[in-house]
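Structure, as structure tokens:
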Amino acid sequence: MIFLTTALFERLFKKLDFYKQEEVKRAVSELVAFFDSGIKTEGLGLKQLRKTIWEIRASIKDRILFSLVDGKTTLLIIGNHDDIRKFLKNL
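For the sequence shown, this note's numbering begins at 80 and goes up steadily by one.
Written out as structure tokens, the structure is:
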């Protein structure tokens, strides 16, 4: 599995405080483990939002949106429910 990030994702990640960055890293690690093993942890909160757009939980409030196309996972955005909703409307 190939993992990529968008410039938007990287910019938003850098703006997060250290604790939230660690939550994002943990969530992405769980996603990688899920792809490797096929075993989903309860805290991951994996949900398909569109045909190729998926969401995982970084925390109770924060979500990570990613696309899954042709074996490539692209991390798109980090944000709360409202941020995700706005992003999806602009696709």
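We put the CB at the ideal spot given by N, CA and C, even for glycine.
Opening and closing residue of the alpha helix (DSSP H) in which residue i lies
i	result
residue 101	97-116
residue 91	86-94
Nearest-angstrom Cβ-Cβ length linking residue i and residue j, presumed shorter than 8 Å
i	j	result
residue 81	residue 151	5 Å
residue 112	residue 136	The Cβ separation is near 15 Å, so there is no contact.
Per-residue burial, residue i [other beta carbons within 10 Å of its own, 16 or more giving buried]
i	result
residue 101	exposed
residue 142	buried
residue 148	exposed
Open item on the list: Does the contact criterion of 3 or more C-beta pairs under 8 Å hold for the stretch 85-95 versus the stretch 152-162?
Closed with: With a cut-off of 8 Å, the stretch 152-162 and the stretch 85-95 count as touching, because enough Cβ pairs lie within range.
- [ ] At 4 residues or longer, and completely inside the stretch 118-167: list those alpha helix (DSSP H) runs for me, N to C.
- [x] If we require 4 residues or more, the stretch 118-167 turns out to have no alpha helix (DSSP H) run fully inside it.
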